[in-house]
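Residue numbers (this note's numbering), protein chains in the order written: chain A, 79 to 314; chain B, 79 to 314; chain C, 79 to 314; chain D, 79 to 314; chain E, 79 to 314; chain F, 79 to 314.
Note that beta-carbon positions come from the ideal geometry of N, C-alpha and C, so glycine has one too.
Contents: one structure, followed by commentary.
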């Protein structure tokens, strides 16, 4: 069972004001370089996603480990994690970037949705994307694949740190998604990211309006001390 | 000339009820592992495609083999196969996954459509996708490429077994496509796939409705004997 | 400062009648093989783009070279080229095909637009694509990436020849884009490409109408001397 | 602590008569397809390796997880597994196939050797290969890399199932290496593989001698029932 | 059966004086750009290879096509081509660059050698390289792989044009190999390549001796008309 | 002309005591992460290399830019840089990691050697490696390729910052190579790297001798303050 600190729902909602690009710009300054997942795309770019990570990990298919009757499938890590999803969780599936097997499809995605899952992130293949697209749950994937996961993968672990699209995701990390993609916020940095993120997001809107009005980027963007103070003044 | 057994048109239509993911889930159980093409995307995800494969094969460009006047082009394999397309055929082009040359564009796609082709599958580049998208013929590709095929490829054979996006396609194989992608059904397995596919597709719809209603996946999905029998009873 | 020959605006507009595929079919016959960018996709496939290249070049991130206060950022090549954009210029960013850092986002794209830029082409990552998509400036990219460029790249030069998605772009080259992608026209070949391109584009429309009406490809496509003469006659 | 069944030392020695190719030919017939590591090469092709797997797992570098004084480094998974190596163990490092950081170098390899390690297998980079080559411990790697692991990787787990060069390795699995590369034998299949492997190896030597003497492959190779019985008779 | 024009043995021997780099420098000037195989390495860099191509072609594994008893294996394309090798032939195996299955090992290589084969070229995996290295037959490969071919590949054709490591090989083409790699000479160009190749090879030796003696490259290399005439004079 | 600060020859010699791995371990602590070239291998692992970078940059082949008589070739960037090599320079060729064209071969390498070049580093293909190997000049490459550079590349610049195998090389940077590969030392950091490098190299030798004698890694490696002080004491 995942035992990480739970972020209050309102704070996850508040984070949705902040774009993934803004967060991915802040985290390197806090010492975290690789936080934006590379090579994933949103099935529903119109939805924003914010939640805490629940993870499942795959290795290359090993037929002896994949064996077992459908009746016993619920004991496997992939089933365990899905039936342990709590409201606000984002399911993060480390499918090794492998596209030969689809680790989740419409039925399991429906279950994640029903349990209150905030989103699904797959570094690998997703099945039944036509239907998944209709489920109103934010879903990010590397590719479409009709074949089931066990053709090329074996699920071996859940609720452990995983690699995902060039980032590391620890259970409980905050996962933010928008039309650009997905960014991972280490749980211990969440409060700082939320606070600075909202400020920075609004500052960027302010700067863009100046650029739209004809300002040069010089002295304006990337945000200088002067422009930040100017923004802070007018924001009050 | 392709001399494979022709599947009746109604059966190809019937197959369209089945999703590519369902077929790609069945075939491994019949001993065929790699049947779903990896890395292709649909130009028209709204169209379903079912037909039998006609193939053309490319190798890396060899200028001596590519030489010849436009007047004699119709003797080349690519032209031969297109002018041999019969109603219900799917043109499968093994462009080696190479994206430097587009092996088909709007004019040839129009010709395939006119001849009654059921679809076009390209493991490689397609030209003029903006226009091809308007032709109402299902088309799957690895990427867009404006340059013509001979810049990087030479067509060397047609109506032979080809590799395509991680699968092998034999002329006559049934090719099924939907918004997820494309699956290859070996001709000898078609009857079994059609029968089991339709049953399995409906079973999955039944299961999804249970999951939507709040059922756990345990004992329900992947389909157990019990749930399958329950579905079979209510289906009669 | 870029000192290439400026193509009159009307000629760039006239070029927009020609598809990238048509140009990419002509250039190999003029001796230029690799002219169509491979692996980029349009953020706005509905917009056509024609302009002259202004370039910026990146190398892998070197922290000592990336150092410096935001106040001095405007001295860097990326800032220099953006503030030097003139109406009709296309900004071509050689991000090495690297997807770990986004070299441009909504604010800089807004500035390019304001300065009259005709488009943006990035062999790499773009940030804030959700917003960039609303800017009505044609933008081509390899992938979406929220993280800023310096996480993985360093801008080292501007207005020099660059590699971009498998092509070479020299400042001043004409860059044409449509829903298929982007093609590079060496400046010295522009006049010939424009003239032959418009003719060839119309010839292809003529041929497609024949194919739509049931003509075989034999003797018709690729365009033979006979069909070209037939078209030329009816065009007058 | 690893708690798998220990294979007696003589049996591991006996296995060394069998080539990795022979084992990789047998395992698919026992239902295990992906057992030969793809893309690794031996630093010392002259040495044979047989032992049981001890594993360590990496994810992409996360600076907050990599932090800590050198004094506390011994608490990390990579240190734990190295100091837990027992005679006959093969250290298997799942470096994700990533070549930007070297997860082991001459000093740690020396320690593995001192503790009786039977070999080192790295799906990733190795440092100090010039020195490691002199240590007389079989070492397999994907590439040479001077930079230390934490530049691109974080060690997160040890003695868990890992992916390695296209295979899955469970702690305790038997790892066999020779000049061709490395094969993974699931522990439960070891006895069968040893028995059949030795027989098959000798059969292949017998067949090769016939081929060298001018026999056709027809009826001889791959081994038919007849040739196998002929071999079995002469072997007694 | 292969029915191409046979090059006399002495001419193939004569070709061995010419390096693959020299041939790969000449062929583009004769209109053939991609003639040097990319990504292969020699198992025996000390041996030179010259012969005519016999080809076999693979597609991704299809279990229904791979089925069949070992007794009937000799009917498959791979067996057919090996038992059809004639003295001076080079076996060219188009393994799709795939490294998951080894398409030839020590026993089949021994058979190729016995039949007088001049070499083996594999765009894919080779098994038993430790033994193959001892056979004194030039062998080029993409990688080592212990698993047998059918794990990932199906042989579907022989003595047809194939793609191989970025080149196209037509049966009968002359295949030249040395420590650098392998170059394909279209059969129709052989006489010209042999003649110009020997001349160019000697010219380069002459030029290198001048450079070693301190000459600048200016006016000397690449060979100018003046230096070529100087060489031709002294060569007589 | 390159106008960087010249490092005295003795200091470059002194640096050769330090391994590339040691330097690649130090530089991240000085803020430079990507300093070790990834994916290159030494043609002569027995030679050490230390010198200052002279660079040449390539873009994808553009036939109009590659045109010109051999007589005028000496005006091209590649010829310029080679004829500008001074004793102690390392020629760094940014061949884009592209393997389709070999940017240097035995004759140009001979010229680099004659002019006193300390080594050659190629992120791309090298021709005539069999001969280059005999020249006693350290050479690092990504692959062997017989075809000449212009088949796939165009040289566009020299003595500018270049990307090379995942690193950035600025003219004048110190390039160190050994059997493991190549590391780039920013010129401004050379003095510090030399001093700390020699110390660290010797410390590692000291530690390895302790590990060989049976010491645990705990408290010893990575070097703690205590072990470093112990080493410093015994070193005096």
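Can you have a look at residue 275 of chain A and say buried or exposed, based on whether 16 or more other CB atoms are within 10 angstroms of its CB? Along the first chain, read from residue 1 onward, the residue named residue 275 of chain A stands at position 197. By the neighbour-count rule (16 or more Cβ atoms within 10 Å), residue 275 of chain A is buried.
Given that a residue counts as buried once 16 or more other Cβ atoms are within 10 Å of its Cβ, and exposed if not, what is residue 278 of chain C? By 1-based counting over the third chain, the position of residue 278 of chain C is 200. Per the 10 Å Cβ criterion, buried.
With 9 Å as the limit, tell me which residues of the segment 242–256 of chain A have their beta carbon closer than that to any beta carbon of chain C; keep them in chain order. Going along the segment 242–256 of chain A in chain order, one finds 244, 256 with a Cβ nearer than 9 Å to chain C.
Let me check one thing: in DSSP terms, what residues is residue 236 of chain D bridge-paired to? Taking the fourth chain and counting its residues from 1, the one referred to as residue 236 of chain D is at position 158. Bridge partners of residue 236 of chain D: D:134.
Please work out which residues of its chain come closer than 8 Å, Cβ to Cβ, to residue 102 of chain F, disregarding the five sequence neighbours upstream and downstream, and give them in chain order. By 1-based counting over the sixth chain, the position of residue 102 of chain F is 24. Excluding positions up to five away in sequence, the list reads 113, 114, 261.
Check residue 299 of chain A in the structure and name its three-state DSSP category. Translated into positions along the first chain, residue 299 of chain A becomes position 221. Coil.
Taking 8 Å as the CB-CB cut-off, is residue 271 of chain A touching chain B? Residue 271 of chain A sits at position 193 when you count from the first residue of the first chain. Chain B contact via Cβ: absent.
Residues that residue 177 of chain E contacts on chain D, provided the C-beta gap is smaller than 7 Å: Mapped onto the fifth chain, residue 177 of chain E falls at position 99. Per Cβ cutoff of 7 Å: 116, 117.
Within 8 Å (strictly less), CB to CB, does residue 239 of chain B reach chain E? For the purposes of this step, residue 239 of chain B is taken as the residue at position 161 of the second chain. True, the Cβ-Cβ gap to chain E drops below 8 Å.
Report yes or no: do three or more beta-carbon pairs, one from the segment 197–205 of chain F and one from the segment 118–129 of chain F, lie closer than 8 Å? Yes, the segment 197–205 of chain F touches the segment 118–129 of chain F.
With DSSP as the reference, label residue 289 of chain D as helix, strand or coil. In the fourth chain, residue 289 of chain D corresponds to position 211, counting from 1. DSSP places residue 289 of chain D in helix when its eight states are reduced to three.
In the DSSP assignment, what are the bridge partners of residue 281 of chain B? Residue numbering aside, residue 281 of chain B sits at position 203 when the second chain is read from its first letter. As DSSP reads the structure, residue 281 of chain B sits in no beta bridge.
Presumed contact (8 Å Cβ cut-off) between residue 166 of chain C and residue 90 of chain C, rounded CB distance: What you label residue 166 of chain C is simply residue 88 of the third chain in a count that begins at 1. What you label residue 90 of chain C is simply residue 12 of the third chain in a count that begins at 1. Between residue 90 of chain C and residue 166 of chain C the Cβ distance is about 6 Å, and since that is below 8 Å, they are a contact.
Closest to residue 282 of chain F by C-alpha separation, out of D:205, D:195, D:127, D:156, would be which residue? Here the question's residue 282 of chain F lines up with position 204 in the sixth chain. The shortest C-alpha separation from residue 282 of chain F is found at D:205.
Enumerate in chain order the residues of its own chain whose CB-to-CB distance from residue 305 of chain D is below 6 Å, with the five nearest sequence positions on each side excluded. Start at 1 with the first residue of the fourth chain, and residue 305 of chain D comes out as number 227. Contacts found: 298.
Buried or exposed by the 16-neighbour rule on C-beta atoms within 10 Å, applied to residue 191 of chain E: Along the fifth chain, read from residue 1 onward, the residue named residue 191 of chain E stands at position 113. Buried, because 16 or more other Cβ atoms sit within 10 Å of the Cβ of residue 191 of chain E.
Integer Cβ distance of residue 62 of chain E from residue 295 of chain D, believed to fall under 8 Å: Outside the displayed range of chain E (79 to 314) lies residue 62 of chain E, so it cannot be described from this structure.
Should residue 251 of chain C be labelled buried (16 or more other beta-carbon atoms within 10 Å of its own) or exposed? One-based indexing of the third chain puts residue 251 of chain C at position 173. A residue is called buried once 16 or more other Cβ atoms fall within 10 Å of its Cβ, and residue 251 of chain C is buried on that count.
Mind checking residue 245 of chain B: buried by the 16 CB within 10 Å criterion, or exposed? Within the second chain, the letter at position 167 stands for residue 245 of chain B. If you draw a 10 Å sphere on the C-beta of residue 245 of chain B, you find 16 or more other C-beta atoms in it, and that means buried.
Is there a Cβ from chain F that is less than 8 Å from the Cβ of residue 138 of chain C? As a position in the third chain, residue 138 of chain C is number 60, starting the count at 1. With 8 Å as the cut-off, residue 138 of chain C counts as an interface residue toward chain F.
Does the separation of the CB atoms of residue 155 of chain D and residue 181 of chain D fall below 8 Å? The count along the fourth chain starts at 1 and reaches residue 155 of chain D at position 77. The count along the fourth chain starts at 1 and reaches residue 181 of chain D at position 103. If you check the CB distance, residue 155 of chain D and residue 181 of chain D do not come in under 8 Å.
Anyone know if the C-beta pair for residue 241 of chain B and residue 98 of chain E falls short of 8 Å? The count along the second chain starts at 1 and reaches residue 241 of chain B at position 163. The count along the fifth chain starts at 1 and reaches residue 98 of chain E at position 20. Result no, Cβ atoms of residue 241 of chain B and residue 98 of chain E do not sit closer than 8 Å.
Can you pull the chain E residues whose beta carbon is under 7 Å from the beta carbon of residue 203 of chain B, in chain order? As a working note, residue 203 of chain B is residue 125 in the second chain. The CB of residue 203 of chain B never comes closer than 7 Å to any CB in chain E; the least such distance is about 16 Å.
Which full runs of the alpha helix (DSSP H) of 4+ residues lie inside the segment 80–144 of chain C, going along the chain? The segment 80–144 of chain C contains these whole alpha helix (DSSP H) runs: 87–93, 98–104, 141–144.
Could you spell out where the beta strand (DSSP E) holding residue 192 of chain F opens and where it closes? Here the question's residue 192 of chain F lines up with position 114 in the sixth chain. No beta strand (DSSP E) holds residue 192 of chain F; the alpha helix (DSSP H) holding it covers 184–192.
Beta carbons nearer than 8 Å to chain B: which residues of the segment 285–305 of chain C have them? Cβ proximity to chain B below 8 Å picks out 285, 286, 289, 290, 292, 294, 295, 296, 297, 299, 300, 301, 302, 303 from the segment 285–305 of chain C.
Checking 8 Å against the spacing of the C-beta atoms, do residue 179 of chain B and residue 226 of chain B come in under that value? For this step, residue 179 of chain B is matched to residue 101 along the second chain. For this step, residue 226 of chain B is matched to residue 148 along the second chain. Against a cut-off of 8 Å, the Cβ pair of residue 226 of chain B and residue 179 of chain B comes out as a contact.
Under 8 Å, Cβ to Cβ, is there at least one residue of chain H near residue 174 of chain C? Of the chains in the structure shown, none is chain H; the protein chains are A, B, C, D, E and F.
Counting only Cβ pairs nearer than 8 Å, list the residues of chain D close to residue 207 of chain E. The residue you call residue 207 of chain E lines up with position 129 of the fifth chain. Within chain D, the residues near residue 207 of chain E are 257, 258.
Three-way DSSP call (helix, strand, coil) for residue 217 of chain F in this model: Reading the sixth chain from its first residue, position 139 is the one you call residue 217 of chain F. Strand at residue 217 of chain F.
Tell me the DSSP bridge mates of residue 254 of chain E? Counted from its first residue, the fifth chain places residue 254 of chain E at position 176. The partner list for residue 254 of chain E (beta bridge, DSSP) reads E:128, E:261.
Three-state secondary structure assigned by DSSP to residue 206 of chain B: Translated into positions along the second chain, residue 206 of chain B becomes position 128. DSSP places residue 206 of chain B in the coil class of the three-state scheme, outside both helix and strand.
In the DSSP assignment, what residue or residues form a beta bridge with residue 198 of chain A? For the purposes of this step, residue 198 of chain A is identified with residue 120 of the first chain, where counting begins at 1. Note: residue 198 of chain A sits in a beta bridge opposite A:169, A:217.
Is residue 86 of chain E buried or exposed, if buried means 16 or more other CB atoms sit within 10 Å of its CB? Here residue 86 of chain E corresponds to residue number 8 of the fifth chain, with the count starting at 1. Exposed is the call here.
Is the Cβ-Cβ distance between residue 187 of chain E and residue 210 of chain E less than 8 Å? Along the fifth chain, one-based indexing puts residue 187 of chain E at 109. Along the fifth chain, one-based indexing puts residue 210 of chain E at 132. Yes, Cβ-Cβ distance for residue 187 of chain E and residue 210 of chain E is below 8 Å.
May I ask you to list, following chain order, the residues of the segment 141–171 of chain A that have a beta carbon less than 9 Å from some beta carbon of chain D? Of all residues in the segment 141–171 of chain A, 141, 142, 143, 145 have a Cβ within less than 9 Å of some Cβ in chain D.
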